[in-house]
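Peer 1: In terms of our numbering, the sequence shown is residues 49 to 283.
We put the CB at the ideal spot given by N, CA and C, even for glycine.
Please read these numbers as outputs of a predicted model, since none were measured by experiment.
I am attaching a structure below and will ask some questions about it afterwards.
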Amino acid sequence: CIGGRSAYDIVNEVAEGAKAIVAWGNCASAGCVQAASPNPTGARPVHKVIKGKPIINVQGCPPIAEVMAGVIVHLLTFDRIPQLDGLGRPMAFYSRRVHDTCYRRPNYDAGLFVESFDDENAKRGYCLYKMGCRGPNTYNSCGVIKWNNGVSYPIQSGHPCIGCSEANFWDNGPFYKHLQSFPGFGIESTADTIGVGLGIATGAGIVAHAISTNIRKRKHTNKGEVKADIENPKI
Numbered sequence: 049c050i051g052g053r054s055a056y057d058i059v060n061e062v063a064e065g066a067k068a069i070v071a072w073g074n075c076a077s078a079g080c081v082q083a084a085s086p087n088p089t090g091a092r093p094v095h096k097v098i099k100g101k102p103i104i105n106v107q108g109c110p111p112i113a114e115v116m117a118g119v120i121v122h123l124l125t126f127d128r129i130p131q132l133d134g135l136g137r138p139m140a141f142y143s144r145r146v147h148d149t150c151y152r153r154p155n156y157d158a159g160l161f162v163e164s165f166d167d168e169n170a171k172r173g174y175c176l177y178k179m180g181c182r183g184p185n186t187y188n189s190c191g192v193i194k195w196n197n198g199v200s201y202p203i204q205s206g207h208p209c210i211g212c213s214e215a216n217f218w219d220n221g222p223f224y225k226h227l228q229s230f231p232g233f234g235i236e237s238t239a240d241t242i243g244v245g246l247g248i249a250t251g252a253g254i255v256a257h258a259i260s261t262n263i264r265k266r267k268h269t270n271k272g273e274v275k276a277d278i279e280n281p282k283i
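See below:
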């Protein structure tokens, strides 16, 4: 409480006069560690507290600075909400998986993985999927915009993506154990099957990989997509 008033009451009072609400970071947009199981405090994201107001979820722990600035500039320049995905995130920054823009992606496609953080494969910059990287399930612009004025981002610095721009990322399993599976088929089913039979089916595998990736992109783009010019109200 602040001055005898709950945070719930205060945020609703402040939101009452707002044109739109920007939920900065995973704490505000998805609950983050406070809402992790068993969530003893009953922490909730902003969109589950405030009703009747446009809410823009700018996820990440923390969000990328240029993404935050981009959202503000869009609101001020066009006086309307940017195009959002089904989770209320600006599609300009959250429409592609970290996996899709990763510079280590060719190693993933070739079945070349880091097996431990100090092995030779790590020194060669191989894929971090088996080290727990959640890039295949995470939508963000880390691999494009990067951090600290474009200097680097976690994967480039040798650490797997922990999926901090996705809801419930604290509860989505151990950070250093690879995903058992993720949406897709064929070459993208599991890390253990990638690379098997590459000498025979490399071409077919790459084609299947490209097709499955494009299918997922279309699904993600179409699911809950809101057209900014038509359906998104001016603020």
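Roughly how many whole angstroms lie between the Cα atoms of residue 119 and residue 126?
Peer 2: Straight-line Cα distance between these residues: approximately 11 Å.
Peer 1: Please report the distance separating the alpha-carbon of residue 192 from that of residue 161.
Peer 2: About 22 Å.
Peer 1: Is residue 142 near residue 213, with beta carbons less than 8 Å apart?
Peer 2: Yes, they are a contact pair.
Peer 1: If you run the structure through DSSP and keep just helix, strand and coil, what is residue 158?
Peer 2: In this structure, residue 158 counts as coil in the three-state DSSP scheme.
Peer 1: Starting from the Cα of residue 157, find the closest Cα among 184, 165, 218, 51 and give me that residue.
Peer 2: Of the candidates 184, 165, 218, 51, the one whose C-alpha sits nearest the C-alpha of residue 157 is 184.
Peer 1: For residue 138, collect the residues of the same chain with a Cβ closer than 8 Å to its Cβ; drop the 5 residues on either side in sequence, then sort them by chain order.
Peer 2: These residues qualify, in order along the chain: 104, 106, 115, 118, 119, 122, 130, 131, 132.
Peer 1: Please return the same chain residues whose Cβ sits closer than 8 Å to the Cβ of residue 58, not counting the five positions on each side in sequence.
Peer 2: Excluding residues within five positions, the ones whose Cβ falls inside 8 Å are 50.
Peer 1: Is the beta carbon of residue 175 less than 8 Å from the beta carbon of residue 209?
Peer 2: It is not a contact, given that the beta carbons lie outside the stated cut-off.
Peer 1: Can you pull the DSSP bridge partners for residue 188?
Peer 2: Residue 188 is not bridged to any residue.
Peer 1: With a Cβ-Cβ cutoff of 8 Å, do residue 71 and residue 218 count as a contact?
Peer 2: No, they are not a contact pair.
Peer 1: Restricting to Cα atoms, I'd like to know which of 166, 124, 187 is closest to residue 147.
Peer 2: For residue 147, the nearest C-alpha among the options comes from 187.
Peer 1: With distance defined between alpha-carbon atoms, name the residue in 206, 164, 112 nearest to residue 140.
Peer 2: It is 112 whose Cα lies nearest to the Cα of residue 140.
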